[in-house]
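Student: One structure follows; several queries about it will come next.
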Amino acid sequence: MINSIETLLLDVPAIRPHRLSVATVNVQTLVLVRVLCDDGIEGWGEATTIGGLSYGEESPESVKVNIDTYMAPLLIGMEASQVAPAMARLRKSIQGNRFAKCALETALLDAQARRLNIPLSELLGGRVRDALPVAWTLASGDTQKDIAEAEKMLELRRHRIFKLKIGLRAVEADVAHVLAIKRALGDEVSVRVDVNQAWSELEAERGIAALEAGGIDLIEQPIRAENRAGLARLARRFTVPIMADEVLKGPLDAFELATHAGADVFSVKISQSGGLTQARQVADIATLAGVGLYGGTMLEGAIGTAASAQVFATFSDLSQGTELFGPLLLTEDILTEPLVYRDFMLQVPTGPGLGIEIDRDKVAALRRG
Ligand SMILES: O=C(O)C[C@H]1C=CC(=O)O1
Ligand SMILES: [Mn+2]
């Protein structure tokens, strides 16, 4: 039986300001969910977002209020080992709130996989890989700083795929910044951009043409999410792959995008998808439609990152890699043993459930209030 559900907010400083076109992250608020079951088993989930309400329509505070007030009462007393009926009840009674639902599903599946003594990936069809390529996002806002940071990551053998956040400056200035970094890092390194919806379609045509000519490998959400027809036009027009991010909010969007050739690649995010099961559905739709896959992040800490890794490890195609670097952007970790990043890959935890152990003292120290 599900005995209790607790939602915790943890404010964790970033190692440097992380500048996106929609927000600058100086401190990341981790939204953690802990489910306690009457057999003594505990499960953890995460519903972290970026920049309060500037990225998505759920804030850390709204996730906490909505889980505590509306969702936990629906689940408490239900059979903890029956995750599907629990989630069906939640989905039937609660509109929207994908991040909150994702955190709850993660915690319930973590607990159930621990109960069965298997990694969470094995409840989702089973893993086909034990390590995931991990991109790093260069977002200091300064070209020379970004180059130095990338060179350090290459030397550490931690990342050789770099995603650059652009869209704050004029198109030409952003293109010059990206191509300077590409030239400095050379052909062995993959350089991509994420515009976070900042360009108009006309700006995107100009910007993408220059980036494609300069050897950039992937263009993420160049125009606003509402302009689906525009994204499809860009995908058709350019050879460089166009990736859907903000436009993709679950299986129905995936189906619609796949039907209309709306993007070349999907960035799958567990919370944007509304949970781990739905993230798998997004991936299945992509694979059936011949759309490429990338494992995305909402800059979650270790719990959301481990949960994402358990899901992405089950994807047969993961041609564009992942960006599961969230914990590395934070000054504090909340695990007894950190996640392992080695040889440009995140090692997918092999222990039961999420395969991680929470350090309660660290959580208590970082907890808000
Ligand atoms: O992809 C986004 O839009 C959000 C996030 C993912 C990596 C990163 O640096 O920011
Ligand atoms: Mn993005």
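So that you can map any letter, position 87 of the sequence shown is 95 in the numbering used here, and since no number is skipped, the others follow by simple counting. In this text, a Cβ means the ideal position worked out from N, Cα and C, and glycines have one as well.
(1) Could you check what DSSP says for S29 in three-state terms: helix, strand or coil?
(2) For V142 versus Y302, is the C-beta distance shorter than 8 Å?
(3) Beta-carbon within less than 6 Å of L18's beta-carbon, same chain only, minus the 5 sequence neighbours each way: which residues are those?
(4) So M95 is in the alpha helix (DSSP H); what residue range does that whole segment cover?
(5) Taking only the alpha-carbon atoms, compute the straight-line gap between R191 and A218 and give it to the nearest angstrom.
(6) Among residues of its own chain, excluding the 5 on either side of G282, which ones have a beta-carbon nearer than 7 Å to its beta-carbon?
(7) Rounded to a whole number of angstroms, what is the C-alpha to C-alpha distance between D261 and E157?
(8) Just how far apart, CA to CA, sit I250 and Q229?
(9) Would the beta-carbon of Q289 fall within 8 Å of that of S129?
(10) Can you list, in chain order, the residues of its chain with a C-beta nearer than 7 Å to that of G134? Leave out the 5 residues immediately preceding and following it.
(11) Tell me the residue span of the alpha helix (DSSP H) that contains S279.
(12) Taking 8 Å as the cut-off, does the region 51-65 touch the region 264-275 (at least 3 CB pairs, one atom from each stretch)?
(13) So the beta strand (DSSP E) V199 belongs to, where does it begin and stop?
(14) Using a Cβ-based criterion (distance less than 7 Å to any ligand heavy atom), does K100 qualify as near ligand 1?
(15) Compute every distance between the C-beta of S275 and the non-hydrogen atoms of ligand 2, then say whether any falls below 7 Å.
(16) Which of helix, strand or coil does DSSP assign to K370?
(17) Between L16 and L40, which are expected to be in contact by the criterion C-beta below 8 Å, what is the C-beta distance as a whole number of angstroms?
(18) What does DSSP give as the partner residue(s) for P141 in the beta ladder?
(19) Could you tell me which of V248, V299, L338 sits nearest to A310, measuring between CA atoms?
(20) Return the Cβ separation of A139 and V356 in integer angstroms, given the expectation that the two are a contact with Cβ distance under 8 Å.
(21) Cα separation between Q120 and R99?
(22) The beta strand (DSSP E) that contains L210, what's its start and end?
(23) For D225, which of helix, strand or coil comes out of DSSP?
(24) So is Q36 buried or exposed if we call it buried at 16+ other beta carbons inside 10 Å?
(25) Helix, strand or coil: which one does DSSP assign to F274?
(26) Taking Cβ to Cβ, would you say G215 is nearer than 8 Å to V183?
(27) Which residues bound the beta strand (DSSP E) around M251?
(28) Classify T77 as helix, strand or coil using the three-state DSSP reduction.
(29) Bridge partners for T330 per DSSP, in chain order?
(30) Jot down the residue ranges of each uninterrupted beta strand (DSSP E) in the region 152-197, minimum 3 residues, whole runs only, in chain order.
(31) On the three-state DSSP scale, how would you describe R236?
(32) Tell me whether D341 sits in a helix, a strand or coil according to DSSP, three-state version.
(33) For ligand 1, is there any heavy atom lying closer than 7 Å to the beta carbon of L354?
(34) Would E331 pass as a contact of T305 if the rule is Cβ separation under 8 Å?
(35) So, with DSSP's three-state summary, where would you put T37?
(36) State the start and end residues of the unbroken alpha helix (DSSP H) segment that holds G312.
Tutor: Working from what's here:
(1) coil
(2) no
(3) L38, L374, R375
(4) 91-101
(5) 14 Å
(6) R106, K109, C110, G258
(7) 35 Å
(8) 7 Å
(9) no
(10) T322
(11) 278-281
(12) no
(13) 198-202
(14) no
(15) yes
(16) helix
(17) 5 Å
(18) M353
(19) L338
(20) 6 Å
(21) 19 Å
(22) Segment 209-221 is the alpha helix (DSSP H) holding L210; no beta strand (DSSP E) there.
(23) coil
(24) buried
(25) strand
(26) yes
(27) 250-252
(28) helix
(29) V142, G303
(30) 169-173
(31) helix
(32) coil
(33) no
(34) yes
(35) strand
(36) 310-320
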